[in-house]
Amino acid sequence: MRILVCVKRVPAPGAKINITADGQDVDTAHLGFAMSPHEECAVEEAVQLVERFDGEATVLTLGPPEAEEQLRYASSLGVQNAVLLSTDGSAWDPQGTARAIVSAVQSLEAEDGPFDLILFGNESADSGGYQVGVRVAHALGRPIVNAIKGIEPDFDAGTTRVKREIDGGFEIYDLPLPAVLGVKEGLNLPRYPTMKGRLASKKVGVKVIEAAADAGGQGRVRLRQPPAQASTMVKLGDGPEAAPAIVDLFEELGLLK
Amino acid sequence: MTDILVVAESDADVLSSATLEAITAARSLEGTIHVLLFGSSVDADEAAARVGAFGAEELHVAEHELLGDYGPEAWGQALALAIDDMEPDVVVACGTSKGNEVLAQAAARLDLPFVANCIDLPGELADSDDVVLTRVQWGGSLLEEASLSAETRIVSISHHAVEAESIDGPAATTDTFVPELHDTVARSLCVGREMAEAGVTLSTAPIVFGGGRGVGSADAFAPLEELASLMGGRVGCSRAVTNNGWRPHRDQVGQTGTRIAPELYVASGISGAIQHWVGAMASKKILAINTDPEANMVVKSDYFVQGDLHKVLPAVIDEIKSRRG
Ligand SMILES: Cc1cc2nc3c(=O)[nH]c(=O)nc-3n(C[C@H](O)[C@H](O)[C@H](O)COP(=O)(O)OP(=O)(O)OC[C@H]3O[C@@H](n4cnc5c(N)ncnc54)[C@H](O)[C@@H]3O)c2cc1C
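Right under this line is the structure:
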């Protein structure tokens, strides 16, 4: 049983996102980097499935050489193999990204056999294009369902039952394997790396493939801040003495019947 | 003449309000608005009247035995075939989970670009195959101006970016479209549903009591629970809370959680990181309870109480009980 997880290195901003002077990128001078929470859950799911069913997991990212940090993070959690589709770090459009991933998957599968499952985050945390996983699945001729919050595979039968989040509940799908899924945070509670895992991940060999650029029809002109909302904050008081003012507010808004 | 094809979404056999947002947005383009509806579970006459009221002129009902329940590949292939058949200039859906999924499926099949979650549709989109669109990034914390070059422009309009507005138009004319779907699309059809018990949810509650890392433990959420039950609201939380395992992920507000829009959001012990803020910013009013007057949540709030939430919230419970007698 083989699982591939595709992740993206993104900055981890706090109270505000700053933009570089040329408007082309997020200013990351003072920021750390992470993968999206959706993808952290995809990595955790792959590790859990390997623990339950045996087999191996591979993590893949398309990004600059620094994205090795996210690959090693996944390794520290128990993912066996790591693949870097190396770029110069500029923003790639969704079609170009998908084409590069498809060709990498094809060459990885030609070497070591097919992946039973390929997991993507439902959307990337930064650009949020909602399509790379779908394009990859289509090019590989495999089914894909997005917004997945539950995966119950039966590798012997060659199928998997998955749950898609909808308002107020879930939809159920029974997919044949191999399949592709776009998963969301909440699928599981990701573990933290252990010291032993961290040390071991330093020794994992990262397979580097030069990603061939083949851009599609969407490009970045520039980034900009959304219009600022005027602040109208009113301080109601300090500490427990403010309780009557809070309950007055509830009454004013018609929330206390 | 420009043709704009709006992809309809239905929810429990009713045309969804998200579809009406997409039609409203499409009205900013000069051209004929067509609507594509999948399957026949929605009453076609009712749908024709409804989409007509919002400005659509033609309703095309795609009929096929594989278009009964939702299936991303079935709907995506049907849309790709409709685009081949009708040759619209612009294809629009609302950027819901399924709206974006169906557009991505169709775009993949046609090898066309797809620009997700635009905040509006500029007039040039109707007649130029080289346009610049403004779309959301980071779940709404940042905007991107993106170029789109394609003969058929496939775009989604960010959910809630446009308010659905009727123009009391006449019912749309209706016809059926029978796509030749491949049998393989049957593999990804929805086969059932598991619904939670009815009642207010995080996204429909009139008041949400949100707690962050400042709450400190799972047990310390008891006053928030009590307030929610006293006032018919729900408890929400930040990612720091779900990561610590204090609350289930379904309570998480934010970019990778739920987007809420209550009358009042009471955010206690939450710093207001952008990824939390984008999930909370549609709240009508926000009350922040925090020890730190500089916290982003406080600065952006409508009302603020400075202090320890562990003292403030119990005092609020007492005050409500004493007023109720
Ligand atoms: C891609 C991405 C997606 C993310 N998605 C989400 C998301 O969907 N939702 C989300 O919430 N986060 C999300 N995050 C995480 C986010 O960046 C923050 O880390 C998180 O929101 C912080 O949670 P917090 O405000 O509870 O904790 P902190 O930032 O630690 O803030 C705690 C606050 O509590 C106050 N406080 C402490 N003690 C008390 C007390 N006794 N009384 C009153 N106030 C007190 C402090 O002053 C502080 O303001 C995401 C991050 C990334 C990178």
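Chains as they are written, first to last, in numbering that gives the first Met the number 0: chain A, 0 to 256; chain B, 0 to 324.
Positions of the beta carbon are idealized from the N, C-alpha and C atoms, including for glycine.
Heavy atom of ligand 1 within 7 angstroms of Ile269 of chain B beta-carbon: In this structure, ligand 1 has a non-hydrogen atom nearer than 7 angstroms to the beta-carbon of Ile269 of chain B.
Residues that Ser27 of chain B contacts on chain A, provided the C-beta gap is smaller than 7 angstroms: Around Ser27 of chain B, no beta-carbon contact reaches into chain A at under 7 angstroms, the shortest distance being about 19 angstroms.
Residues that Asp26 of chain A bridges to, as DSSP identifies them: Beta-bridge annotation (DSSP): Asp26 of chain A is not paired with any residue.
Segment limits, alpha helix (DSSP H) that includes Pro36 of chain A: Here the alpha helix (DSSP H) through Pro36 of chain A covers 36-52.
C-beta neighbour in chain A for Ala204 of chain B, strict 8 angstroms: False, the Cβ-Cβ gap to chain A never drops below 8 angstroms.
Range of the contiguous beta strand (DSSP E) that encloses Asn145 of chain A: From DSSP, the beta strand (DSSP E) with Asn145 of chain A extends over 143-153.
Of the residues B:Ile22, B:Thr290, B:Asp10, the one placed nearest Leu120 of chain B, counting alpha carbons only: That would be B:Ile22, whose Cα lies nearest to the Cα of Leu120 of chain B.
Contacts that Val135 of chain B makes with chain A (C-beta to C-beta distance below 9 angstroms): Result: Gly127, Pro225.
Residue range of the beta strand (DSSP E) that includes Ala81 of chain A: Boundaries of the beta strand (DSSP E) harbouring Ala81 of chain A: 80-85, taken from the DSSP string.
Sequence-distant residues of the same chain with beta carbon closer than 6 angstroms to Ala217 of chain B, five excluded per side: When the five nearest sequence neighbours on each side are left out, the beta carbons in the same chain lying within less than 6 angstroms of the beta carbon of Ala217 of chain B are those of Trp245, in order along the chain.
Cβ-heavy atom distance, Ile288 of chain B to ligand 1, below 7 angstroms: For ligand 1, at least one heavy atom lies less than 7 angstroms from the Cβ of Ile288 of chain B.
Three-way DSSP call (helix, strand, coil) for Gly238 of chain A in this model: DSSP, read as helix, strand or coil, puts Gly238 of chain A in helix.
Where Pro175 of chain A sits in the DSSP three-state scheme: The answer is strand: DSSP assigns Pro175 of chain A an E or B state.
Alpha-carbon to alpha-carbon, His309 of chain B and Asn17 of chain A: If you take the alpha carbons of Asn17 of chain A and His309 of chain B, they lie about 34 angstroms apart.
Paired residues, beta bridge with Ile2 of chain A - DSSP: Ile2 of chain A is bridged by DSSP to A:Ala56, A:Leu116.
Opposing strand residues paired with Asp174 of chain B [DSSP bridges]: Asp174 of chain B pairs with B:His59.
Backbone secondary structure at Asp83 of chain B - three-state DSSP: The three-state secondary structure of Asp83 of chain B, taken from DSSP, is helix.
Burial state of Thr241 of chain B, where buried means 16 or more other Cβ atoms lie within 10 Å: Looking at its Cβ environment, which holds 16 or more other Cβ atoms inside 10 Å, Thr241 of chain B is buried.
Local Cβ density within 10 Å of Thr96 of chain A, reported as buried at 16 or more and exposed below that: With at least 16 other beta carbons inside 10 angstroms of its own, Thr96 of chain A counts as buried.
Own chain, CB closer than 7 angstroms to Thr86 of chain A, minus 5 neighbours either side, in chain order: Residues Leu61, Gly62, Pro63, Ala210 of the same chain have their beta carbon placed closer than 7 angstroms to that of Thr86 of chain A, with the five preceding and five following residues left out of the count.
Thr172 of chain B classed as buried or exposed, judged by whether at least 16 other C-beta atoms fall within 10 angstroms: Exposed: under 16 other Cβ atoms inside 10 Å.
Any non-hydrogen atom of ligand 1 within 7 angstroms of Ala11 of chain A CB: Because some heavy atom of ligand 1 lies under 7 angstroms away, the Cβ of Ala11 of chain A counts as near it: yes.
CB contact check: Gly67 of chain B to chain A, cutoff 8 angstroms: No, no contact with chain A.
Residues that DSSP places opposite Trp145 of chain B in a beta bridge: Note that residue 145 of chain B corresponds to Ala in the displayed sequence, not to Trp. Answer by DSSP bridge pairing, in chain order: A:Arg219, B:Leu132.
Assigned exposure category for Lys148 of chain A - 16 Cβ within 10 Å defines buried: Buried: at least 16 other Cβ atoms inside 10 Å.
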